[in-house]
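Numbering (my numbering), first residue to last: 22 to 299.
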């Protein structure tokens with residue numbers, strides 16, 4: 022969902038990026054330019070641009086209003102699995118099956134930094150809220166926190182026994198949440214790398230995780246189910262059923278009152294995040 026709460030962006034196996042009205046569900050724009058499946062999409066902080074990563078090994082930046090392709094970023098040598106804007110919108114980070122994390126200048130399209138160290142596919146990447154760090158999750162079962170300016174490895178987080186498929190910083194930047202192939206959700210201390218909390222109850226692999234804007238809740242998608250938990254206690258706040266396929270992504274709305282989820286059942290759902298019925 023866009024930071025202004027107006028739009029939802031979707032990446033599709035039909036090689037397109039689609040922008041929909043968050044409240045009516047109407048399709049607003051279809052962005053065409055990729056030559057492979059679009060695996061990851063994200064809005065810029067001002068909601069004016071969208072970045073997309075694709076199996077065609079490219080990262081593309083789009084103008085939301087016009088639908089024009091603003092910039093194509095080329096440098097990865099395998100599928101691009103995850104993309105995100107920096108908090109100031111000036112940079113883009115991408116993770117790829119080529120085992121690298123790349124940081125780009127969003128205006129010029131220049132490659133600023135390539136982060137090497139993972140020994141398998143990079144599945145997920147995210148900037149810290151202050152833009153000074155990047156976290157990456159990999160098929161090598163580790164997470165790495167990098168200095169976004171120097172490219173140095175700050176912290177390696179170990180504890181998963183399967184691919185780390187989704188990672189995100191907490192709003193204060195002090196914690197990282199991760200979802201993994203071993204069906205668990207874990208919260209980590211971003212400073213010392215310690216495991217803070219583990220929620221192992223999912224039946225299927227966890228494909229997506231996110232903190233709420235206030236950092237008090239965590240949402241996760243696994244199988245056809247979306248779960249919201251208290252980030253401090255781990256208590257299950259709400260379990261959301263309705264999808265008939267695997268939940269591929271989840272996110273909170275900017276005000277934290279809704280959760281948006283997308284599934285391979287080809288639907289996007291917006292849920293009430295508070296503990297009452299949909």
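We treat Cβ as the ideally placed atom computed from N, Cα and C, and that holds for glycine.
Since the structure is predicted, the reported quantities are computational estimates derived from the model, not experimental observations.
Secondary structure of residue 295 (DSSP, three-state): coil. With a 10 Å radius around the Cβ and a threshold of 16 neighbouring Cβ atoms, residue 136 comes out buried. Judged by DSSP secondary structure, residue 142 falls outside any beta strand (DSSP E); it is assigned neither H nor E.
The C-beta separation of residue 206 from residue 239 comes to about 7 angstroms, placing the pair in contact by the 8 angstroms criterion. Of all alpha-carbon atoms in 89, 208, 76 and 61, the one lying nearest the alpha-carbon of residue 114 is that of 61. Taking all protein chains shown into account, residue 182 has fewer than 16 neighbouring C-beta atoms within 10 Å of its C-beta and is therefore exposed. Partner residues in the beta bridge of residue 52, as assigned by DSSP, are 38.
The three-state secondary structure of residue 90, taken from DSSP, is strand.
Counting other Cβ atoms within 10 Å of its Cβ, residue 121 reaches 16 or more and is therefore classed as buried.
In the DSSP annotation of this structure, the continuous segment of the beta strand (DSSP E) that includes residue 232 starts and ends at 227 to 232. DSSP places residue 262 inside the beta strand (DSSP E), whose first and last residues are 257 to 262. If you draw a straight line from the Cα of residue 162 to the Cα of residue 178, it is about 9 angstroms long. Between residue 106 and residue 150, the beta carbon gap of about 12 angstroms keeps them out of contact (Cβ cut-off 8 angstroms). Here residue 73 is not near residue 24, since their CB atoms are 8 angstroms or more apart.
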